[in-house]
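Chains as they are written, first to last, in the numbering used here: chain A, 1 to 391; chain B, 392 to 519.
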Amino acid sequence: MISVVLAVVSFFVVMMALYGVAVIERTARLSGVGHRRDIQPPMSEWGTQRLRAPGHYAAARGLASAARLVRARTVVEEASAPLRRSSRTLSLLATASALSILPFAGTWGGVGTGRPLVAVDLDYGLGILVFLILLSGLAQAATGLAERNLWARLGALRIAGQSLIGVALLLLVLAPLVLATSSLRPHDIVLFQQGTFAPLYFLGGRFMGMSFSALDAFRLPNWFVLRQPLTAILIVPTLGLLLQRYSVYDTINNTSGMSGFGLDSDPSDLYWTGIESRLSSILAAAIFVSLFLGAGAIPYFEPSGILVRAQSLLGVGVPAALFFVFEASVFVVKVLVVLYLASLLRRTAGRARTDQSLETMTRRLIPLAWANLLLLSALSLLSSPTGVVIR
Amino acid sequence: MLAVSEAELMGWLAFVSLVIVGASIIPLVANLLRRRLPEHRNLRGRVPSLRLGQSQKTRRSPRHAVAAHRTFLAGTTMTGISLVLIPFVGALSELDVSGLLVAFAFAAPSLVVALHSRRRDYRGRPDA
């Protein structure tokens, strides 16, 4: 029963993130013309606002999109509708399943023995997560194979290549986290990130015979983005290349994209492409928040003291539930911040061609990921026999 | 060790069902409305598939190539799963996560040598 409740809460978390993605896309679409006074709409006759076209307003756009869905469907000759439908379903299932594996907070009641706050708690969740991401990418390629033209097949090859190489890179990038926590369970990785660590511990008390024990007092949150910065930097392009969906109507860049499968001016196809694309963005952000930003944890905040004091007034269940809602909200805020930064990055950075991105992955990022893995393994081997714990 | 408990299965089912139902509500309502429309509004528009050029070659549908490509991708996926994933999961369930360190100790030296001895690409360099 508790897992169903957690699934419902996870669903609401995803729904809030979906709304946030829509707002971020809208902000991205409308920004960038504020400084162009010559293309601004005229001022309204009354009031201080501008006279904008109806398409400017979010409610009007939403209504128009919903109304377009009622229009008659288009059917493309020589396209395999069952393959397209089944690959879309598979992609959606894989993305939703991957989202269900990711924990959005620590444990129930903030104690180590509490129930993990995740819809599906799997011991080998990280391996299954990688497999589901690969499945989702290959389902995208299958959507392209449903069409019988050269360009769709080239696009399918591009996505299949990116997925296969991206998954190899993802495995290399996630390996240091697995080695640090000795677990493939996402919940263990989230628990590991609670608390703080002293980044300058190695200077303490032994630098040129002088005492630097005060450096131990300088502590940072135990998040992997601070513990393993290179891993965190490497996972950004990896997730971007694996989970970024190209579509003709690119709402972030507000341009025509490289290609889009199965759009054909059919609003229903456009709707499903949009949902899948937004869920993929949320999945990428949720992976980053869960594995690198400590999920719903707040830095330098220890909840157990407050919870114990609240238990004397409200009992055991209510403070734990309130804290649970609080952590879920923090998780949503972190996901939205990551999504906003990612949209800024996408608008700022140029879009690489397929061959350029594949070459960057195979010749630059994979060797860097191996070097990072070697470095972190060496550091962990050096620190463990002497009894020094990096925490 | 890889068995999934009933609670986790229920959680997965509930979450995935909610996401699918939540995403399908708007198209389902639109579908219902479309069925209520008069017959002439409900006809499906047929559009030709994308072709660049009008020659006999470009107009011909590459059925065999598409079928071969689908078979290739399906074969690659199934081979990948059977050759890599199943032994990986089996070994992991036997050896636990510490098996990863052992595998890494075997793979890393050969990879370093392979990366070091790879063929360099001298295109575009003036002294090539």
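Just so it is clear, CB atoms sit at the ideal spot from N, CA and C, and this is done for glycine as well.
Simplified DSSP assignment, three categories, for R437 (chain B): R437 (chain B) falls in the strand class under three-state DSSP.
Nearest neighbour of H460 (chain B), chosen from A:Q228, A:G195 and A:E147 [CA to CA]: The shortest Cα separation from H460 (chain B) among A:Q228, A:G195 and A:E147 belongs to A:E147.
Nearest residue (CA-CA) to F331 (chain A), options A:S10, A:I2, A:V4 and A:S86: When only C-alpha atoms are compared, the closest one is A:S10.
C-alpha distance - L129 (chain A) paired with S183 (chain A), whole-angstrom precision: Note on geometry: alpha-carbon atoms of L129 (chain A) and S183 (chain A) lie some 14 Å from one another.
Reduced DSSP category for F197 (chain A) - H, G, I as helix; E, B as strand; rest coil: F197 (chain A): strand per DSSP, three-state reduction.
Beta strand (DSSP E) segment containing T74 (chain A), residue limits: Unbroken beta strand (DSSP E) run through T74 (chain A): T74 to V76.
L345 (chain A) burial status per 10 Å Cβ neighbour count (16 or more: buried): Burial state of L345 (chain A) is exposed, judged by a 10 Å Cβ sphere holding fewer than 16 other Cβ atoms.
Listed by chain order, chain A residues near G413 (chain B) by CB distance under 8 Å: Ordered by position in chain A, the residues that pass the 8 Å Cβ test against G413 (chain B) are F11 and M15.
Burial state of M43 (chain A) (16 or more Cβ within 10 Å): Burial call: exposed.
Own chain partners of R26 (chain A) with C-beta closer than 7 Å, once the 5 adjacent residues on each side are dropped: Around R26 (chain A): A58.
Stretch-stretch touch, CB-based, cutoff 8 Å, three pairs: the segment 12–30 of chain A with the segment 322–336 of chain A: Judged by Cβ distances under 8 Å, the segment 12–30 of chain A makes contact with the segment 322–336 of chain A, as three or more pairs qualify.
Cβ of D121 (chain A) within 8 Å of any chain B Cβ: It does: the Cβ of D121 (chain A) has a partner Cβ on chain B nearer than 8 Å.
Neighbourhood of V503 (chain B) by C-beta distance below 6 Å, restricted to the same chain and skipping five residues each side: By the criterion of a C-beta distance shorter than 6 Å, V503 (chain B) is surrounded by no residue of its chain, once the five residues flanking it on both sides are discounted.
Closer than 8 Å to chain A by CB, A421 (chain B): With 8 Å as the cut-off, A421 (chain B) counts as an interface residue toward chain A.
For L220 (chain A), three-class secondary structure by DSSP: Look at L220 (chain A) here: in three-state DSSP terms it is strand.
Within chain B, partners of V70 (chain A) - CB distance below 8 Å: Within chain B, the C-beta atoms nearer than 8 Å to that of V70 (chain A) come from A421, L424, R425 and L428, in chain order.
Between the CA atoms of R245 (chain A) and W223 (chain A) - distance to the nearest angstrom: Spanning the alpha carbons of W223 (chain A) and R245 (chain A) requires a straight line of approximately 28 Å.
contact_flag[the segment 113–123 of chain A, the segment 1–10 of chain A] where n(CB pairs < 8 Å) is 3 or more: A contact exists between the segment 113–123 of chain A and the segment 1–10 of chain A.
For A156 (chain A), the nearest candidate out of A:L134, A:Q162, A:L92 and A:A141 (CA to CA): Put simply, of A:L134, A:Q162, A:L92 and A:A141 the residue whose alpha carbon is nearest the alpha carbon of A156 (chain A) is A:A141.
Rounded Cβ spacing between T238 (chain A) and V318 (chain A) (contact assumed at less than 8 Å): So it is not a contact: roughly 41 Å between Cβ atoms.
Whole-Å CB distance - L243 (chain A) paired with I133 (chain A), under 8 Å assumed: That belief holds up - the Cβ atoms of L243 (chain A) and I133 (chain A) are roughly 7 Å apart, short of 8 Å.
Contact between the segment 307–315 of chain A and the segment 49–68 of chain A (3+ Cβ pairs under 8 Å): Result no; under three Cβ-Cβ pairs closer than 8 Å.
Neighbour-count burial assignment, M469 (chain B), 16 or more Cβ in a 10 Å radius: Exposed.
Those residues which DSSP pairs with M43 (chain A) across a bridge: Residue pairing for M43 (chain A): DSSP places it in a beta bridge opposite A:R50.
Where the alpha helix (DSSP H) through M16 (chain A) begins and ends: Unbroken alpha helix (DSSP H) run through M16 (chain A): I2 to L30.
Through-space distance from R153 (chain A) to G144 (chain A), alpha-carbon basis: Computed Cα separation, rounded: 6 Å.
Cβ shell of G350 (chain A) (< 7 Å), same chain only, five flanking positions each side left out: Correct list: empty, nothing qualifies.
Contact check, L177 (chain A) vs T107 (chain A), beta carbons under 8 Å: For L177 (chain A) and T107 (chain A), no; Cβs fall outside 8 Å.
Beta-ladder partner(s) of T107 (chain A), from DSSP: BP columns for T107 (chain A) point to A:P116.
Local Cβ density within 10 Å of E327 (chain A), reported as buried at 16 or more and exposed below that: Buried, since its Cβ has 16 or more Cβ neighbours within 10 Å.
Terminal residues of the alpha helix (DSSP H) in which Q140 (chain A) lies: The continuous alpha helix (DSSP H) containing Q140 (chain A) extends over residues G125 to L145.
The ligand NAD heavy atom lying under 7 Å from the CB of L381 (chain A): In the structure shown, the ligand NAD is absent, as is every other ligand, since no ligand is present at all.
Test item: CB-CB of F104 (chain A) and G296 (chain A) under 8 Å: Going by C-beta atoms, F104 (chain A) is nearer than 8 Å to G296 (chain A).
A479 (chain B) versus M361 (chain A): straight-line alpha-carbon distance, rounded: Per the sequence shown, the amino acid found at residue 479 (chain B) is Phe instead of Ala. One alpha carbon belongs to F479 (chain B), the other to M361 (chain A), and they sit about 24 Å apart.
Contact set between the segment 274–295 of chain A and chain B, restricted to residues whose Cβ is under 7 Å from the partner: The residues in question are I275.
Selection of the segment 467–495 of chain B by Cβ proximity to chain A, strictly under 9 Å: Correct list: T467, T468, G471, I472, L476, F479, V480, L483, S484, D487, V488, S489, L491, L492 and F495.
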